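Structure record follows, encoded as structure tokens.
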Amino acid sequence: MSATNLLDLLPAEIDSLTESLGAPRYRGQQLMRWIYRQGVTDFGRMTNLPRELLQALQERARVAVPVVERRTPSQDGSQKFVFRFADGARVQSVLMPDGDRLTLCVSTQVGCGFGCAFCFTGAMGLERNLTTGEIVGQVLGVMGTLTAGQRLTHIVYMGMGEPLANYAATVKSLRLLTEPQAFGFSPRRITVSTVGLVSGIEKLARENLRVNLAISLHATNNETRDRLMPVNKGFAIEELLAACRRFPLPFRQRMTFEYVLLDGVNDTPHDARELARLLKGIRGKINLIPFNDWQGAGFARPPLPRILAFQSVLLERGITATVRWSKGEDIGAACGQLSEAVVA
Ligand code: SF4
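If you use the working numbering, the sequence shown closes out at 389, no skipped numbers anywhere.
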């Protein structure tokens with residue numbers, strides 16, 4: 046029987062596990078405190094648990110935090126982590142400091158099957174989904190490297206993969222991140238980014254998770270979006286934005302729309318006006334992401350004046366639009382740049 050990874054379990058499931066091992070349920074809460082408060086993953090160091098329970102845990106369970114295989118600092122202060130899992134698969138996570146904020150960008154799949162034309166991760170195809178434990182394991186793994194006084198403040202699901210295409214593991218990981226007995230993050234500090242899987246957005250709307258949603262839009266007409274993002278052939282812009290309008294946004298929360306600016310493709314003032322028109326009536330803000338180059342991409346970043354002109358059109362129409370100069374560009378960790386070979 047393979048050992049259960051405790052990072053795959055919600056608090057009630059850990060309580061049931063400890064009960065099934067002959068210990069009272071409250072031992073499960075002690076176990077979670079060791080893992081999530083103290084960062085202790087070795088059962089031998091959990092000194093307040095009875096010996097019989099520890100022995101049973103050694104035989105039946107594990108706390109599988111993925112191995113940090115590589116850690117690459119960027120000149121801008123961000124760090125790229127390459128995590129390796131037991132089967133040799135690797136993903137990347139990116140830690141980004143910004144003033145008081147310390148944001149971790151996590152991956153949900155090894156590679157990605159959506160094939161967005163401008164994305165390096167998409168070029169590697171989908172290897173496999175991550176488990177819940179492998180998603181939250183990235184958070185624990187990075188927490189283990191923080192110095193005294195450093196604290197993760199925000200989590201974004203914008204790394205490798207499409208979170209809503211790995212729906213069950215993503216949702217369970219969100220529950221663990223927001224569960225007070227586990228990570229205890231406020232849902233307001235967590236953002237799930239999606240390529241625009243309407244079915245997934247509608248399911249997520251019913252989960253009552255209250256996390257932020259970011260939509261990768263990247264085009265203002267179906268013809269361009271079909272070309273940039275094959276998912277658009279299944280869920281066209283109108284259908285996607287209708288799902289966004291129906292999404293139950295918590296009070297004072299705004300939906301984020303990501304828009305990668307590609308030279309000569311989607312960066313004209315007309316595109317900006319169209320974008321403003323499409324988003325009318327949605328409580329949202331726009332992140333403009335000047336394209337991050339990678340070898341063989343076939344796209345280029347627009348010149349600065351065009352980027353600023355695009356932003357101005359949106360601002361003039363009262364829309365919050367921020368230009369996001371991605372962090373970690375020099376280490377291949379910026380938006381759309383993440384990729385990692387998988388060892389056999
Ligand atoms: S942009 Fe996101 S959904 Fe598209 S290929 Fe890249 S990782 Fe996948």
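By construction, the Cβ of each residue, glycine as well, lies at the ideal position given by its N, Cα and C atoms. Since the model is a prediction, treat every value here as computed from it, not as a measurement.
- Query: the ligand SF4 heavy atoms versus the CB of methionine 77: any closer than 8 angstroms?
  - Reply: no
- Query: Exposed or buried, which one is serine 244 when buried takes at least 16 other CB atoms within 10 Å?
  - Reply: exposed
- Message: Is the separation between the beta-carbon of asparagine 257 and that of alanine 214 shorter than 9 angstroms?
- Response: no
- Item | Among Thr49, Ala48, Leu55, Tyr304, the one whose alpha carbon lies nearest that of glutamate 224 | Leu55
- Expected contact under 8 angstroms - CB spacing of isoleucine 180 and valine 151 to nearest Å: 6 angstroms
- Query: Looking only at C-alpha atoms, which of Gly158, Thr176, Phe163, Cys164 sits nearest to glycine 170?
  - Reply: Gly158
- Please classify proline 208: is it buried, with 16 or more other beta-carbons within 10 angstroms of its beta-carbon, or exposed? buried
- Which residue spans inside the stretch 112-189 form an unbroken alpha helix (DSSP H) run of at least 4? 165-168, 177-188
- Task: Express the C-alpha separation of arginine 346 and aspartate 308 in angstroms, rounding to a whole number.
- Result: 5 angstroms
- If isoleucine 334 sits next to valine 305, beta carbons under 8 angstroms apart, how far is it from one beta carbon to the other, in whole angstroms? 5 angstroms
- Item | Neighbourhood of tryptophan 370 by C-beta distance below 8 angstroms, restricted to the same chain and skipping five residues each side | Pro335
- Rounded to the nearest angstrom, how far is the Cβ of valine 254 from that of leucine 285, given a contact under 8 angstroms? The question names valine, yet the displayed sequence has leucine at residue 254. Going by Cβ atoms, the distance from leucine 254 to leucine 285 rounds to 20 angstroms, so no, they are not a contact pair.
- Query: By the 10 Å Cβ neighbour count, where 16 or more other Cβ atoms means buried, how is arginine 146 classified, buried or exposed?
  - Reply: exposed
- Item | Chain-order list of residues whose beta-carbon lies under 6 angstroms from that of valine 112 (same chain, five-residue window excluded) | Arg129
- Distance cut-off 8 angstroms: threonine 177 Cβ against heavy atoms of the ligand SF4: no
- Separation of leucine 349 from serine 261, as counted between CA atoms: 22 angstroms
- Message: Please report the straight-line C-alpha distance between serine 123 and arginine 196, rounded to a whole angstrom.
- Response: 14 angstroms
- proline 118 versus valine 187 - alpha carbon distance: 13 angstroms
- Does DSSP put arginine 291 in a helix, a strand or coil? helix
- Message: Looking only at its chain, what residues have a beta carbon closer than 7 angstroms to the beta carbon of glutamate 247, apart from the 5 residues adjacent to it on each side?
- Response: Ala288
- Do aspartate 338 and glycine 178 have their C-beta atoms within less than 9 angstroms of each other? no
- Item | Secondary structure, beta strand (DSSP E): runs of 3+ residues fully inside the stretch 230-267 | 235-239, 257-261
- Give me whichever residues DSSP pairs with valine 276 in a beta bridge. Valine 276 is not bridged to any residue.
- Would you check if the distance between the CB atom of glycine 45 and the CB atom of glutamine 103 is smaller than 9 angstroms? Because the chain spans 46 through 389 in this model, residue 45 falls outside it and cannot be assessed.
- Item | Status (buried if at least 16 other CB within 10 Å, exposed otherwise) for phenylalanine 296 | exposed
- Message: Classify tyrosine 71: buried if its beta carbon has 16 or more other beta carbons within 10 angstroms, exposed otherwise.
- Response: exposed
- Sorry if obvious, but does the Cβ on cysteine 150 come closer than 8 angstroms to a heavy atom of the ligand SF4? no
- Task: List the DSSP bridge partners of phenylalanine 302.
- Result: Ile260, Ile331
- Identify the continuous alpha helix (DSSP H) that holds isoleucine 352 and give its terminal residues. 349-361
- Item | Pick from Leu294, Arg78, Gly329, Ala210 that is closest to arginine 362, judged by C-alpha positions | Gly329
- Query: Would you call the CB atoms of tyrosine 81 and leucine 191 closer than 9 angstroms?
  - Reply: no
- Using a threshold of 9 angstroms, state whether the C-beta atoms of glutamate 252 and valine 216 are closer than that. yes
- Whole-angstrom Cβ separation of valine 368 and alanine 317, contact assumed at under 8 angstroms? Not quite, the Cβ-Cβ distance comes to about 12 angstroms (not below 8 angstroms), so this is no contact.
- Message: On a Cα-Cα basis, can you pick out the residue from Glu172, Arg351, Arg135, Asp143 that is closest to glutamate 114?
- Response: Arg135
- DSSP three-state assignment for isoleucine 36, whether helix, strand or coil: Outside the shown range of the chain (46 to 389) lies residue 36, about which nothing can therefore be said.
- Message: Our contact map puts glycine 229 next to valine 110 with C-beta atoms below 8 angstroms; I'd like the distance itself, whole angstroms only.
- Response: Contact doesn't hold; Cβ gap of about 18 angstroms is too wide.
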